[in-house]
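Okay, so here's the structure we're looking at.
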Amino acid sequence: MPLARLRLTHLMAVLLLAALQLPVTASAVLAADYQGTLKIGGTGAAIGTITQVAAAFQKKNPGVRVLIPPSLGSTGGIKALMAGALDVGLSSRPLTEAERGHGLVVAEYARTPLLLVTSHKGAEVSFTLKQIASLYNGEIPSYPDGTPIRLIMRPEVEIDLHLIRGLSPEMDKAVQKAQSREGMIVAVNDQDNGDTLERIRGAIGWMTLAQLISEGRQLTPLPFDNFMPSQTNFPSQANFAPGIYPLFRTFIAVSKAQPTPLVKSFLAFLTSAEGREILVKNG
2 MPLARLRLTH LMAVLLLAAL QLPVTASAVL AADYQGTLKI GGTGAAIGTI TQVAAAFQKK
62 NPGVRVLIPP SLGSTGGIKA LMAGALDVGL SSRPLTEAER GHGLVVAEYA RTPLLLVTSH
122 KGAEVSFTLK QIASLYNGEI PSYPDGTPIR LIMRPEVEID LHLIRGLSPE MDKAVQKAQS
182 REGMIVAVND QDNGDTLERI RGAIGWMTLA QLISEGRQLT PLPFDNFMPS QTNFPSQANF
242 APGIYPLFRT FIAVSKAQPT PLVKSFLAFL TSAEGREILV KNG
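Using the working numbering, the letters of the sequence shown correspond one by one to residues 2 to 284.
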């Protein structure tokens with residue numbers, strides 16, 4: 002069975018099991034806008050923040066149960082939505098032409114900076130953009146204190162790689178070179194990326210501010226060129242104004258052309274003042 006189909010089948014089984022474990026009451030039937038079960042999933046970078054938004058939504062609407070499976074990736078979330086396994090897909094990339102052909106509706110709801118982070122606990126370290134390219138070229142093997150640097154890569158289709166390759170022609174070439182180097186550590190999704198960065202001594206890689214804060218990751222953001230604030234100001238949103246900081250991931254919520262009243266209610270809450278307060282607090 003193809004891997005994508007296997008993942009989708011597993012997701013549907015997980016959601017069915019979770020639904021069966023809910024209390025069987027009259028409110029389990031969608032009798033009003035604010036009753037029923039809502040299934041949301043997709044890019045792992047958005048899971049931490051959307052979980053907090055969902056908790057606030059459920060607190061206001063006790064008849065609602067929100068199910069959020071582990072990271073499916075943007076593509077996995079969109080496929081699960083089209084297959085009926087999800088009510089809302091979370092993506093950090095635009096829809097493809099084929100996906101748009103299914104009449105899906107998208108709503109951008111957040112932007113979050115993409116940061117260079119490390120598990121290294123030594124003296125404060127910073128890099129120039131040229132040095133980051135050298136890092137990907139394998140030309141900087143260790144931190145100033147001698148600790149080996151372990152570069153954590155992402156799959157070629159991952160949006161993070163496209164963003165950092167766009168920083169400069171040198172970065173584009175360096176990232177491609179690192180991708181072809183044998184023995185590189187590749188984190189398959191955002192949560193695996195976070196776990197790997199935390200687990201490996203001297204690890205360095207990329208993570209969104211939203212994931213860093215919402216998941217309470219024990220990682221240190223690194224300045225590069227003059228794009229990053231001092232640690233005393235981190236994580237002030239003022240330091241990441243568009244036009245000043247160059248790397249952002251955009252989160253979009255994807256739904257079907259004719260969403261249910263419950264989906265409409267959640268999406269309205271997501272972009273409400275209360276929803277936005279949660280998003281801003283989490284990067």
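Even for Gly, the Cβ is constructed at its ideal location relative to N, Cα and C.
Nearest to residue i (by Cα), restricted to the options the options
i: GLN259; options: GLU171, GLY139, GLY104; result: GLY104
i: PRO70; options: LEU87, LYS80, PRO63; result: LEU87
i: THR148; options: ALA204, ARG101, ARG200; result: ALA204
i: LYS122; options: VAL187, GLN219, ALA179; result: GLN219
i: ASN194; options: ARG182, GLY284, THR209, GLN180; result: THR209
i: ARG200; options: ARG166, ILE214, LEU152, GLU100; result: LEU152
i: ILE160; options: GLN53, ILE48, ILE279, GLY74; result: GLY74
i: MET154; options: ALA55, VAL118, LEU130; result: VAL118
i: TYR144; options: GLU157, PRO156, ALA134, SER127; result: SER127
i: ILE245; options: ARG101, ASP226, ALA254; result: ASP226
i: TYR277; options: VAL67, LYS40, ALA57; result: One point to set straight first is that residue 277 is Arg, not Tyr, in the sequence displayed. Per the Cα distances, ALA57.
i: VAL67; options: GLY85, MET83, GLY42; result: GLY42
Residue i: first and last residue of the uninterrupted alpha helix (DSSP H) it sits in
i: VAL281; result: 274–282
i: TYR110; result: Counting along the chain, TYR110 falls outside any alpha helix (DSSP H), though it belongs to the beta strand (DSSP E) covering 106–119.
i: THR52; result: 48–61
i: THR148; result: It is not in any alpha helix (DSSP H) - THR148 carries neither H nor E in the DSSP assignment.
i: GLY77; result: 74–83
Residue i versus residue j: straight-line alpha-carbon distance, rounded
i: GLU125; j: GLN59; result: 41 Å
i: PRO90; j: PRO262; result: For the record, residue 90 in the displayed sequence is Gly; it is not Pro. So the two alpha carbons sit approximately 16 Å from each other.
i: GLU275; j: ASN283; result: 13 Å
i: THR38; j: VAL264; result: 10 Å
i: THR251; j: SER93; result: 5 Å
i: TYR110; j: GLY206; result: 25 Å
i: SER215; j: GLU171; result: 32 Å
i: ARG191; j: GLN180; result: The residue asked about is misnamed: residue 191 is Asp in this sequence, not Arg. Roughly 18 Å separates the two Cα atoms.
i: THR272; j: ALA47; result: 15 Å
i: SER72; j: THR44; result: 6 Å
i: PRO142; j: GLN132; result: 11 Å
i: LEU164; j: ASP146; result: 29 Å
i: PRO222; j: LEU115; result: 10 Å
i: LEU136; j: LYS174; result: 12 Å
i: LEU248; j: LEU162; result: 11 Å
i: ILE150; j: GLY217; result: 23 Å
i: ALA269; j: LEU96; result: 21 Å
i: GLU157; j: ALA55; result: 31 Å
Residues of its chain near residue i, where Cβ-Cβ distance is below 8 Å and the 5 sequence neighbours each way are ignored
i: ARG182; result: GLY139
i: ARG305; result: In this structure the chain extends from 2 to 284, so residue 305 is not present and cannot be described.
Exposure label - residue i; buried when at least 16 CB within 10 Å
i: GLY184; result: exposed
i: VAL281; result: exposed
i: THR113; result: buried
i: GLY77; result: buried
i: GLN177; result: exposed
i: LYS80; result: buried
i: ALA211; result: buried
i: GLU98; result: exposed
i: THR50; result: buried
Where the beta strand (DSSP E) containing residue i begins and where it ends
i: MET154; result: 151–154
i: ARG250; result: 249–256
i: SER92; result: 89–92
i: GLY217; result: It is not in any beta strand (DSSP E) - GLY217 carries neither H nor E in the DSSP assignment.
i: ALA204; result: 204–209
i: THR44; result: From DSSP, THR44 is part of no beta strand (DSSP E); its letter is neither H nor E.
i: THR221; result: 221–223
Sequence-distant residues of the same chain with beta carbon closer than 6 Å to residue i, five excluded per side
i: LEU198; result: SER120, ILE153, ALA204, GLY206, LEU220
Chain-order list of residues whose beta-carbon lies under 7 Å from that of residue i (same chain, five-residue window excluded)
i: GLN53; result: SER215, ILE279, ASN283
Cβ of residue i within 9 Å of any chain D Cβ
i: ALA57; result: Considering every chain present, this structure includes no chain D. It has just one protein chain.
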